[in-house]
Amino acid sequence: MGRVAPEENYLQDLNNRFQEAEVLDDSQVPIIDFSGDPKYIVDAIAWACQEWGFFQAINHGVPIASMKNVLKLAKEIFNQTSEENEAYNSLGNKLSDDPSEAYRYGSGFNNRKDEKAIDLKYFLRLDYSLARQEDIWPESPSCFREVMKKYHDQVSAFGHCLLDNISKGLGLENSYDLKVMGEKIICIMNYYLPYHTPELVKGLSAHSDPRAISILIQDDVGGLEVCKHGQWFAVKPVKDAFVVNIADQLQIITNAKYKSAEHRVRAHPEKSRLSVVAFFGPGLDTVVGPLPEMVSEKNPPLYRECVIKDYLTQFYAKGLDGKRSLDYVKLDHGAKV
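Take 1 as the starting number for the sequence shown in UniProt numbering and just add one per residue.
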């Protein structure tokens, strides 16, 4: 895993701590069965995207064995020595000078720049587009490329199916290919450390994801929470399910008809937590703004057009801070969304 930062680096100021009393159970969080009637699936996704920006997906078609293998692989990675994991950063530096791209291994990235405390986690970021280049793949663990290549193919198929259903729910299937929103896939493996007094730390600060959709596997430890209309809900792990987040670019192109989900992770007092998330988004040079079908005289555009790379640059520069990254593209007449 590498060296753990001094304990004081993680301790949050009183005003920045998560409040236990503000969290409700997850009985209201949508669960969508993808083995159901196609119209039901389209309608259920549309409702969840409008009301929550968030749902859990069961019977999604990705083999359960692949999901378990990816979590097992993540556990192996975070049990490696710091020298072995540093190989990812060395490789990343050769491929790109952009810390948001290629391979990166690190900890505590996710703090707002005006906060002193960092989040209590380690992460490994992988650009899936590089996964097939054997000559640049790290040697350890030996099964990494095989497991990740297979999982990439399977989760990308589900992600594009999901985008197709979202497109149908918006009535865009004949006018806009929403699969543009899944041209680039980034994977992040997360390892959250336990802490004996979890209310003093953050596993992951509250934020919305900057790309289009996020598809996450979590282990059975729990700690994920999602915000709806200012109320936080615990998201308990559902066996063999994916967690799906609507992210900022879908909120932008739908002119806020669909909302990106603000979410966070609470540390566990005794157990570490693993998750693996695939972020689907447009290519870095893509210009994104509200689609013509989503605006009208009564519903003017809330956001300006923006190049994806510029949006990601400001996201990583400012750190995690709720949904405030959307302010970067919000027009002056835009209402709070």
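No residue lacks a Cβ here, since even glycine has one placed at the ideal position from N, Cα and C.
- Between Asp33 and Ile64, the beta carbon gap of about 15 Å keeps them out of contact (Cβ cut-off 8 Å).
- Under DSSP, Tyr303 forms a beta bridge with Lys330.
- Uninterrupted alpha helix (DSSP H) stretches at least 4 residues long and entirely within the segment 133-203 occur at 144-170, given in chain order.
- Boundaries for Phe233: no alpha helix (DSSP H) harbours it, while the beta strand (DSSP E) harbouring it runs 231-234, taken from the DSSP string.
- Per DSSP, Ser272 is not a residue of any beta strand (DSSP E), being assigned neither H nor E.
- Closest option to Pro269, judged by alpha-carbon separation, among Leu216, Met294, Gly53, Val201: Val201.
- Under DSSP, Ser214 shares a beta bridge with Asn245, Phe279.
- Ala241 and Gln56 have their C-alpha atoms some 6 Å from each other.
- Shown here for Val221: same chain residues with a beta carbon closer than 7 Å to its own, the five before and five after excluded, namely His268, Lys271, Arg273 in chain order.
- No Cβ-Cβ contact shorter than 8 Å links Lys259 with Gly106.
- The distance from the Cβ of Pro290 to that of Tyr303 is about 6 Å, consistent with a contact at the 8 Å cut-off.
- Distances from the alpha-carbon of Asn245 to those of Lys239, Lys179, Arg264, Lys39 put Arg264 closest.
- The beta-carbon distance between Lys179 and His160, rounded to whole angstroms, is 6 Å. This is short enough to meet the 8 Å contact definition.
- Residues Ala117, Leu200, Val201, Lys202 of the same chain have their beta carbon placed closer than 7 Å to that of Gln12, with the five preceding and five following residues left out of the count.
- Annotation: the continuous beta strand (DSSP E) that includes Ser107 extends over 104-107.
- Ile166 is a Cβ neighbour of Ile45, given a cutoff of 8 Å.
- Taking each of Lys309, Asp127, Lys150 in turn and checking the Cα distance to Ile186, the smallest one comes out for Asp127.
- Taking Pro198 as the centre and dropping the five residues before and after it, the same chain places the C-beta of Arg266, Ala267, His268, Pro269 closer than 8 Å to its C-beta, in chain order.
- One Cα belongs to Cys49, the other to Glu83, and the distance between them is close to 42 Å.
- Under the three-state reduction of DSSP output, Leu224 falls in the strand class.
- The Cβ atoms of Leu71 and Phe233 do not sit closer than 8 Å to each other.
- When secondary structure is reduced to three states using DSSP, Lys239 falls in the coil class, being assigned neither helix nor strand.
- If you look at Lys318, you'll find it isn't in any beta strand (DSSP E); it sits in the alpha helix (DSSP H) that goes 308-318.
- Judged by DSSP secondary structure, Ile64 falls within the alpha helix (DSSP H) whose first and last residues are 64-78.
- DSSP places Val288 within a strand segment (E or B) once states are collapsed to three.
- Around the Cβ of Asp153, a 10 Å sphere holds fewer than 16 other Cβ atoms; the residue is exposed.
- Following the DSSP letters along the chain, one finds Asp43 inside the alpha helix (DSSP H) bounded by residues 38-51.
- Around the CB of Ala74, 16 or more other CB atoms lie within 10 Å, so the residue is classed as buried.
- Contact check for Ala212 and Met181: beta-carbon distance about 4 Å, within the 8 Å limit, so the pair qualifies.
- When secondary structure is reduced to three states using DSSP, Ala117 falls in the coil class, being assigned neither helix nor strand.
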